[in-house]
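One structure below.
There are 2 protein chains.
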Amino acid sequence: MKLSDRVQAMQNSPIRKFNPMAAEAKATGTKIYHLNIGQPDIVTPSVFMESIKGFDQKVLAYAESPGLPELQDSIIDYFKGFDMNLDRKDILITSGGSEALTLVFLSLINPGDEVIVAEPYYTNYLTFIQAADGVIKPVTTYAEDGYKYAYMDRLEAAVTEKTKMISIVNPGNPTGCILSREDMRVICDFAKKHDLWILADEVYREFAYDGREMTSFGQYDDVADRVIIIDSISKRFSACGARIGCLISKNADLMANVMKIAMGRLCCPTLEMVGATALYKLDDSFFNEVRAEYEKRRNVSYEALKKIPGVVCEQPGGAFYITCKMPVENTEDLLVFLLKEFRENNETVMYAPAEGFYATPGLGKNELRIAYILNADDMARGIELLGKGIEAYKAAGHK
Amino acid sequence: MKLSDRVQAMQNSPIRKFNPMAAEAKATGTKIYHLNIGQPDIVTPSVFMESIKGFDQKVLAYAESPGLPELQDSIIDYFKGFDMNLDRKDILITSGGSEALTLVFLSLINPGDEVIVAEPYYTNYLTFIQAADGVIKPVTTYAEDGYKYAYMDRLEAAVTEKTKMISIVNPGNPTGCILSREDMRVICDFAKKHDLWILADEVYREFAYDGREMTSFGQYDDVADRVIIIDSISKRFSACGARIGCLISKNADLMANVMKIAMGRLCCPTLEMVGATALYKLDDSFFNEVRAEYEKRRNVSYEALKKIPGVVCEQPGGAFYITCKMPVENTEDLLVFLLKEFRENNETVMYAPAEGFYATPGLGKNELRIAYILNADDMARGIELLGKGIEAYKAAGHK
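Quick note, the sequences are listed as chains A and B, same order. First residue of the first sequence: 1, per the UniProt record's numbering; consecutive thereafter. First residue of the second sequence: 1, per the UniProt record's numbering; consecutive thereafter.
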């Protein structure tokens, strides 16, 4: 009656493990600025619920395993804006980007196979890769360098005979690092040279600031057979609770094999797919407004962070996260102090300590991630609290 | 750029692989009686859509990873009707019973571990177990014997040092075989003797006919730490397209570890959980009516099958399937004949050939499964067509 080795090797979410401590603080009336989670406060576009309310079939039957054809068509139209010509057979609708990632790793990874991932990484990647008995091979990145990873020599150094793929989140979570066209070319050439799959998680695609171009690895014809794109409505349309994403690939052999697993789980929820169909049809005006709001929040957050003495980070170009190096030895200890001891006007702040985002032991202890998902005033106040908390932490004798 | 060994070893759905041939027949105007899939025609209770339409939060945010607390509470209340006292921590809401099964196998199975399963089995179990690199160890059952499997000697014969668990669907898919209290006792004693987990897929729990008691393995206190129950709203409430199920266990260590994977995939869709909360609150009157309808369909279907010379089956006691041995050598060949050549009044019939439901090579070739999910008249006509199709098949020289 033992559990599997793989599940026992998994960690508990490093983002959620401080929640009980936060709940205790709230129970005593403390207000917490939650900069620790990527849950946007943007209103979900009303077409989502309106289209669901219009659903009038008497029997809520199984949908097709690949997804509702009208949702696939809506996604095809959306990607035409990126000069990509997709076909229904290239698209599998999934339960969020999360299920798409699980399906990809189960379909590509044999036990012990290695996946090249820039660290710090979105921590759930470790879970998805461990579920397939795979191993993360990290390419370490640095706050001083804006957490960039598209350097051929560093990527080359990570390759072994067990390397199966390179896995990218662009724009990046947790760093906000965004790839330039030149960077993407480096990744493509690297993958071709070593015959690797490219897993491109692009759920933050439209969150590109300062006039940066929005891109996709699906725009590179010379790697079309090795690229797998993950998309999702969660962040883009502030519909995290819908759990609708998709897996896109032009590789017919991959799609046929992924479908074997997808047929086993039957289908995604029909109503959510109906709502997602409407969301993918929204025009640029919706997202231009959202992007401007996030860019403002990023600017305010970055300015506030730079006011804290000793903070190291570059201004990130995309997504809605900033990861930075802090003037303390251990950001988990600092967070415990903020939640248990520090208060100003009965307020404190919460972030995600970065140690759990690294595969290399010992790294990330003095780093943290904030998500700029609150309005600009709240972001400024939250980061002000962080700075004052650090002062208090040091005054109390901590390093 | 190879695919994983596990995905390449998986089969395509043996139920769905004849769909293209059926589509061709329909394109020529042929009516097909679809007895091949478990998609009920019962109207989904209106409280499902009504409660979803009442959802009025502006931001469709991530739900809690274990599921909406109000849905957990609704499930707790439902199981009180089975004299079971569950706690929220015993319940993880999942994307259908399918995700629950995937999570269980990933959490229990090491590569090469064996799962005892009665054959014929619900074919997607093979996919779920292969996804975890596990192996099905079949206990063969027989049409002549009503596909019963709760025999201690036959179960004992399947045990090896790699046996990790016994996996049961009760009432059964594809056989409709239902366990008596004595049968359940045999399973419990067997699991205790060999220190095995009991995975009890009880999504057809209420589909018990002829006054049979509705049961759960959760009612056996002496195996409470080793029982894992799979539940789902799909069949019970004719809400297959909602994709809401759950995993239930009193084993805290298992639940804590399963939660590691569940947190990785974040949560289930909020709206569907809101709808499911209302469904679990429906009283017995809803289901008494549904059960009476299915019992009528079963009776009509069984009578019609017995009129076909050479058919071997016992009247099944639960679920909505009948598996039987047919007077032909190969039911896949017969199905091709029915779809391509046989017509009566421009009508034909479709069923699921059973070979894909067996792990033992060579078994099941002369068996098939029908689902009695159409109204009684259509079931009678569909099976009449099957009988006439067999006559024509033999008259054409097939065996």
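Glycine included, each C-beta is placed from N, C-alpha and C at the ideal position.
- Checking the DSSP bridge columns, you'll see Val115(A) partnered with Ile136(A), Met165(A).
- DSSP places Val349(A) in the uninterrupted beta strand (DSSP E) bounded by 347 to 350.
- Of the candidates Ile76(A), Lys394(A), Glu156(A), Tyr372(A), the residue whose Cα lies closest to the Cα of Arg291(A) is Tyr372(A).
- For Thr160(B), no beta strand (DSSP E) run applies, since DSSP gives it neither H nor E.
- Contact annotation: Gly241(B) and Ala63(A) have beta-carbon atoms nearer than 7 Å.
- Take Glu206(B), set aside five residues on each side of it, and the residues of its chain with a beta-carbon closer than 7 Å to its own are Met214, Arg236, Phe287, Arg291, in chain order.
- Taking 7 Å as the threshold, the shortest C-beta distance from Cys188(B) to chain A does not fall below it.
- Taken through DSSP and simplified to helix, strand or coil, Arg154(A) comes out as helix.
- As DSSP reads the structure, Arg369(A) sits in a beta bridge with Thr323(A), Ala352(A).
- Under a 10 Å Cβ-count criterion, Arg298(A) is classified as buried, with 16 or more other Cβ atoms of the shown protein chains found around its own Cβ.
- Within the same chain, Cβ atoms closer than 8 Å to the Cβ of Val349(A) are found at Ile32, Tyr33, Leu35, Leu338, Gly382, Ile383, Leu385, Leu386, Gly389, the five residues on either side in sequence being excluded.
- Think of a sphere of 8 Å around the beta carbon of Lys250(B): no beta carbon from chain A falls inside it, the nearest being about 13 Å out.
- Contact between Glu272(A) and Pro45(B) fails: their C-beta atoms lie close to 19 Å from each other, not under 8 Å.
- Taking a beta-carbon distance threshold of 7 Å, Leu106(A) counts as an interface residue toward chain B.
- Under the 7 Å criterion on CB atoms, Lys58(B) is classed as interfacial with respect to chain A.
- Taking 7 Å as the threshold, the shortest C-beta distance from Arg88(B) to chain A does not fall below it.
- Taking C-beta separations shorter than 7 Å and ignoring five residues to either side along the sequence, the partners of Glu344(A) in its chain run Leu385, Lys388, following chain order.
- Of all alpha-carbon atoms in Lys2(A), Leu68(A), Gly317(A), Tyr393(A), the one lying nearest the alpha-carbon of Asp210(A) is that of Gly317(A).
- From the beta-carbon of Pro269(A), the residues of chain B found nearer than 7 Å are Gly241, Ala242, Arg243, Pro269, Glu272.
- Rounded to whole angstroms, the gap between the alpha carbons of Met255(A) and Glu289(A) is 35 Å.
- Taking a Cβ-Cβ threshold of 7 Å, the residues of chain A close to Ala61(B) are Gln39, Cys240, Gly241, in chain order.
- Taking a Cβ-Cβ cut-off of 7 Å, the neighbours of Asp5(B) in chain A comprise Asn110, given in sequence order.
- The C-alpha of Tyr393(A) lies about 40 Å from the C-alpha of Thr102(A).
- Taking 7 Å as the cut-off, the beta carbon of Ile15(B) is found no closer than this to the beta carbon of Gly97(B).
- Note: Leu108(B) is not bridge-paired with any residue in the DSSP secondary-structure output.
- The residues Tyr280, in chain order, have a CB closer than 6 Å to that of Tyr78(A) in the same chain once the five nearest residues on each side in sequence are set aside.
- Going by DSSP, Ser74(B) is part of no beta strand (DSSP E) but of the alpha helix (DSSP H) stretching over 69 to 80.
- Per DSSP, the continuous alpha helix (DSSP H) segment holding Tyr125(B) begins and ends at 124 to 131.
- The residue among Leu368(A), Ala100(A), Lys193(A), Ala359(A) with its C-alpha nearest the C-alpha of Ile322(A) is Leu368(A).
- A contact is defined here as three or more CB-CB pairs under 8 Å, and the stretch 83 to 95 of chain A fails this definition with respect to the stretch 297 to 311 of chain A.
- Taking a cut-off of 8 Å for Cβ pairs, the stretch 51 to 62 of chain A and the stretch 46 to 56 of chain B touch, as three or more such pairs fall below it.
- Distance from Ala61(A) to Phe105(A) at the Cβ level is roughly 30 Å; contact not present, criterion being Cβ atoms closer than 8 Å.
- The residues Ala200, in chain order, have a CB closer than 6 Å to that of Ile168(A) in the same chain once the five nearest residues on each side in sequence are set aside.
- Not a single C-beta of chain A is nearer than 7 Å to the C-beta of Arg185(B).
- In the structure shown, Tyr33(A) adopts extended strand secondary structure according to DSSP, grouped into three states.
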